[in-house]
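Trainee: Take 27 as the starting number for the sequence shown in my numbering and just add one per residue.
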Amino acid sequence: MRLFRSDGPSIASLVGVAILVGILVGFGLSTTGYGVKFQFLSQSLPGQITLSEEVIWYNETVPHSLQSPLSSAENELQYLADMVAKTNGFYARDYSLWLGYNNMRYIVEAAILHGRLLNRTTILPSFVYARACEFDLATCAAYATMVNRGDATHSDEWRNLPIEQQMAWRVPISVMFNLTHLRQSHAVITTADYLRLHNISTDVESTDGHWDVDTYHVRDTTGDMFPSLHAIETGGMTLMTSSVSTIYHQTCASVERGVQKGVIVLLTKIVTDGERITSTSSVEEIGDVLRENGFEVLYTYDGAAGADFVKDVVLPIPEAAPRDRMRGLYEDFYNVSARVLLMRGELHLGRKPQVMDWSNQGFLYFTSAAGRTRFTQTVLYDMPLIDDILSLAERISNRMFAMNEGRLWMAAHMRRGDCRLTLT
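#1: From what residue to what residue does the beta strand (DSSP E) around residue 359 run?
#2: Would you list the residues sitting across from residue 324 in a DSSP beta bridge?
#3: Rounded C-beta distance between residue 412 and residue 129? I'm assuming under 8 Å.
#4: If you draw a straight line from the C-alpha of residue 141 to the C-alpha of residue 117, how long is it?
#5: Which residues in the same chain have their Cβ closer than 6 Å to the Cβ of residue 237, if we skip the five residues on either side of it in sequence?
#6: Tell me residue 405's beta-bridge partners as DSSP assigns them.
#7: Between the Cα of residue 126 and those of 318, 108, 194 and 409, spot the shortest distance and give me the residue it belongs to.
#8: Taking the C-alpha atoms as reference points, what is the distance between residue 373 and residue 359?
#9: Using only CA atoms, which one of 124, 139 and 345 lies nearest to residue 178?
#10: Just to confirm the assignment: which complete alpha helix (DSSP H) runs, minimum length 4, are found wholly within the segment 160-237?
#11: Which residue wins for smallest C-alpha separation from residue 189, given the options 198, 199 and 162?
#12: Excluding five sequence neighbours on each side, which residues of the same chain lie with their C-beta closer than 6 Å to the C-beta of residue 171?
#13: Would you identify the three-state DSSP class for residue 312, choosing helix, strand or coil?
#14: What does DSSP give as the partner residues of residue 155 in its beta bridges?
#15: One question on the structure: do residue 366 and residue 255 come within less than 8 Å of each other, judged by their Cβ atoms?
#16: Could you tell me which residues DSSP puts in a beta bridge with residue 425?
#17: How would you call residue 187, buried or exposed, if buried means at least 16 neighbouring beta carbons within 10 angstroms?
#18: Using DSSP with H/G/I as helix, E/B as strand and the rest coil, what is residue 415?
#19: If you draw a straight line from the alpha carbon of residue 404 to that of residue 247, how long is it in whole angstroms?
#20: Taking its Cβ as the centre, do 16 or more other Cβ atoms sit within 10 Å of residue 409, making it buried, or is it exposed?
#21: Short check: CB of residue 148 to CB of residue 213, under 8 Å?
#22: Of the choices 176, 260 and 159, whose alpha-carbon is the least far from that of residue 168?
#23: Measure the beta-carbon distance from residue 398 to residue 326 and round it to whole angstroms, keeping in mind my assumption that it falls under 8 Å.
#24: Rounded C-beta distance between residue 323 and residue 344? I'm assuming under 8 Å.
#25: Take residue 182 and list the residues in its own chain whose beta-carbon comes closer than 8 Å to its own, dropping the five residues that flank it on each side.
#26: Please report the Cβ distance between residue 356 and residue 143, rounded to the nearest whole angstrom; I am assuming they are in contact, meaning their Cβ atoms lie under 8 Å.
#27: From the DSSP output, which residues share a beta bridge with residue 366?
#28: Could you pull out every residue in the same chain whose Cβ sits closer than 6 Å to the Cβ of residue 91, ignoring the five residues on either side in sequence?
#29: Measuring CA to CA, which of 316, 151 and 436 is closest to residue 228?
#30: Tell me, please, which residues DSSP counts as bridged to residue 149.
#31: What are the start and end residues of the alpha helix (DSSP H) that includes residue 352?
#32: Taking the C-alpha atoms as reference points, what is the distance between residue 102 and residue 430?
#33: Going straight from the alpha carbon of residue 346 to that of residue 199, what length do you get?
#34: With burial defined as no fewer than 16 other Cβ atoms inside 10 Å of the residue's Cβ, what is the status of residue 134: buried or exposed?
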């Protein structure tokens, strides 16, 4: 992510261009049609997504009953405390803040999903990092807190770069999407909010995104921790099966395994059962045969241009997995009574976005189409851009149309110094 500056920029202006370009490119990749498509048994994709009646469009007025009555810091804390009180506690995780915002967005979306499934208040990092800036360090630091990204994230990845290329800029998470709007439908707070709710200084928030148990919790004289904590340690699982299906064992023997200990799923494996499965069979018909043979149909998304690392939510597809290798987040952790439920460890690198290998479960594998649709709504409508970014987008659009004398224009993907953009 890069920061940009035009006449009299705010921090929102600085990150706005990077966000806008990413959105445009993601849309372009989603509609180009090139690349390998992993469809379930060569079936057509499901029909157009239907959103629930809960959707509130970003440009519509939020009903008065949903508006937060905040007017001061004290009222805000009370508002947040009331929101938390309606849930089963907090959901926290370790965030990979050394990654770019495209990956951080995937991680944040998955965390919000987990909190909703478990009826817990999701704790998000208070900030992310812009990893480059187009101007000199002093100018960039005037608009956002500058840090050495290696020091901040405890990584030596950038130590050999010139010192000016080791810098990063701390951008509040509330600049990246409309947090107030998100709270109308999801119980979400930042780490700084959590600290304030527990009378802990916000200055102690970890700079690398990990959940600092020693700082964020206290122990009383008996050794009990407050707030109480249950940590989920990420790792692997022992695969066991009781299925007697020949199809099950033959298919599992050849199923493609993801990198490291990633998800085991059926991508394009064909299940044959006499005349029951044909090239025109529906997903439901194929699903019936799969379920009879130890599998379950899962509902997920195809990545843009067939690439899973570009994880948008506009191409819904079905996949399948062996039933005995599935684990449900709700089933495993909904009844945990600890005040804070912590997903501990690195869950993102080397895996399909939103996949964790402690149970070989994909965060974006749903057991119903309705569950997937609700997550689509979260990503597309519950996390809109803030007004300043929308205003900046309109300004850039008008400028581009003027430069091109009314002709259509297209943005280029901009990341890791691949290209440079100067606003004039």
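Even glycine gets a Cβ: it sits at the ideal position worked out from N, Cα and C.
None of these values were measured; they are calculated from a predicted model.
Mentor: Reading it off the structure:
#1: Taking the first residue of the sequence shown as 1, we reach residue 359 at position 333. Going by DSSP, residue 359 is part of no beta strand (DSSP E) but of the alpha helix (DSSP H) stretching over 355-359.
#2: Working through the sequence shown from its first residue, we reach residue 324 at position 298. In the DSSP output, where bridge partners are listed per residue, residue 324 has 345.
#3: As a working mapping, residue 412 is identified with position 386 in the sequence shown. As a working mapping, residue 129 is identified with position 103 in the sequence shown. Going by Cβ atoms, the distance from residue 412 to residue 129 rounds to 21 Å, so no, they are not a contact pair.
#4: Locating residue 141 in the sequence shown gives position 115, counting from the first residue. Locating residue 117 in the sequence shown gives position 91, counting from the first residue. Across the structure, residue 141 and residue 117 are spaced so that their CA atoms are roughly 6 Å apart.
#5: For the purposes of this step, residue 237 is taken as the residue at position 211 of the sequence shown. Same-chain partners within the cutoff: 118, 120 and 368.
#6: Here the question's residue 405 lines up with position 379 in the sequence shown. Residue 405 is not bridged to any residue.
#7: Numbered from 1 along the sequence shown, position 100 holds the residue referred to as residue 126. It is 194 whose Cα lies nearest to the Cα of residue 126.
#8: Taking the first residue of the sequence shown as 1, we reach residue 373 at position 347. Taking the first residue of the sequence shown as 1, we reach residue 359 at position 333. Near 17 Å, if we compare the C-alpha coordinates of residue 359 and residue 373.
#9: Locating residue 178 in the sequence shown gives position 152, where the first residue counts as 1. The shortest Cα separation from residue 178 among 124, 139 and 345 belongs to 124.
#10: Listed in chain order, they are 163-167, 175-179, 199-202, 205-208 and 217-223.
#11: Here the question's residue 189 lines up with position 163 in the sequence shown. The shortest Cα separation from residue 189 among 198, 199 and 162 belongs to 162.
#12: Residue 171 sits at position 145 when you count from the first residue of the sequence shown. Sequence-distant Cβ neighbours of residue 171 in its own chain, meaning closer than 6 Å and more than five residues away, are 196.
#13: Here residue 312 refers to the residue found at position 286 of the sequence shown. Look at residue 312 here: in three-state DSSP terms it is helix.
#14: Looking up residue 155 in the sequence shown gives position 129. 196, per the DSSP bridge assignment.
#15: Here residue 366 is taken as the residue at index 340 of the sequence shown, counted from 1. Here residue 255 is taken as the residue at index 229 of the sequence shown, counted from 1. Against a cut-off of 8 Å, the Cβ pair of residue 255 and residue 366 comes out as a contact.
#16: Translated into positions along the sequence shown, residue 425 becomes position 399. Note: residue 425 sits in no beta bridge, so no partner.
#17: As a first step, residue 187 must be located in the sequence shown, where it is residue number 161. With fewer than 16 neighbouring CB atoms inside 10 Å of its own CB, residue 187 falls in the exposed class.
#18: Sequence index remark: in the sequence shown, residue 415 carries index 389 (1-based). Helix.
#19: As a first step, residue 404 must be located in the sequence shown, where it is residue number 378. As a first step, residue 247 must be located in the sequence shown, where it is residue number 221. If you take the alpha carbons of residue 404 and residue 247, they lie about 43 Å apart.
#20: Position 383 of the sequence shown holds residue 409. Counting Cβ neighbours within 10 Å, residue 409 comes out buried, since at least 16 surround it.
#21: Locating residue 148 in the sequence shown gives position 122, counting from the first residue. Locating residue 213 in the sequence shown gives position 187, counting from the first residue. Yes, they are a contact pair.
#22: Indexing the sequence shown from 1 puts residue 168 at position 142. Comparing Cα positions, the closest option is 159.
#23: Counting from 1 along the sequence shown, the entry for residue 398 is found at position 372. Counting from 1 along the sequence shown, the entry for residue 326 is found at position 300. Contact between residue 398 and residue 326 is confirmed by a C-beta separation of about 7 Å, below the 8 Å threshold.
#24: Within the sequence shown, numbered from 1, the residue matching residue 323 stands at position 297. Within the sequence shown, numbered from 1, the residue matching residue 344 stands at position 318. That pair is a contact at about 5 Å.
#25: Taking the sequence shown and counting its residues from 1, one reaches residue 182 at position 156. The beta carbon of residue 182 sits closer than 8 Å to the beta carbons of 176 from its chain, once the five residues preceding and following it are set aside; these are given in chain order.
#26: On the sequence shown, position 330 is the one that residue 356 refers to. On the sequence shown, position 117 is the one that residue 143 refers to. Yes, they are in contact, since the Cβ atoms of residue 356 and residue 143 sit about 5 Å apart, within 8 Å.
#27: Numbered from 1 along the sequence shown, position 340 holds the residue referred to as residue 366. Per DSSP, 116 and 255.
#28: Here residue 91 refers to the residue found at position 65 of the sequence shown. Residue confidence is low: residue 91 scores 48 on pLDDT, short of 50, so the model does not pin down where it sits. No coordinate-derived value is stated.
#29: For the purposes of this step, residue 228 is taken as the residue at position 202 of the sequence shown. Considering only alpha carbons, the answer is 151.
#30: Stepping through the sequence shown from its first residue, residue 149 is reached at position 123. 215, per the DSSP bridge assignment.
#31: For the purposes of this step, residue 352 is taken as the residue at position 326 of the sequence shown. Where residue 352 is concerned, there is no enclosing alpha helix (DSSP H), because DSSP gives it neither an H nor an E.
#32: Start at 1 with the first residue of the sequence shown, and residue 102 comes out as number 76. Start at 1 with the first residue of the sequence shown, and residue 430 comes out as number 404. In a straight line, the C-alpha of residue 102 is about 46 Å away from that of residue 430.
#33: Mapped onto the sequence shown, residue 346 falls at position 320. Mapped onto the sequence shown, residue 199 falls at position 173. One C-alpha to the other measures close to 35 Å.
#34: In the sequence shown, counting from the first residue as 1, residue 134 sits at position 108. Flag for residue 134 reads buried.
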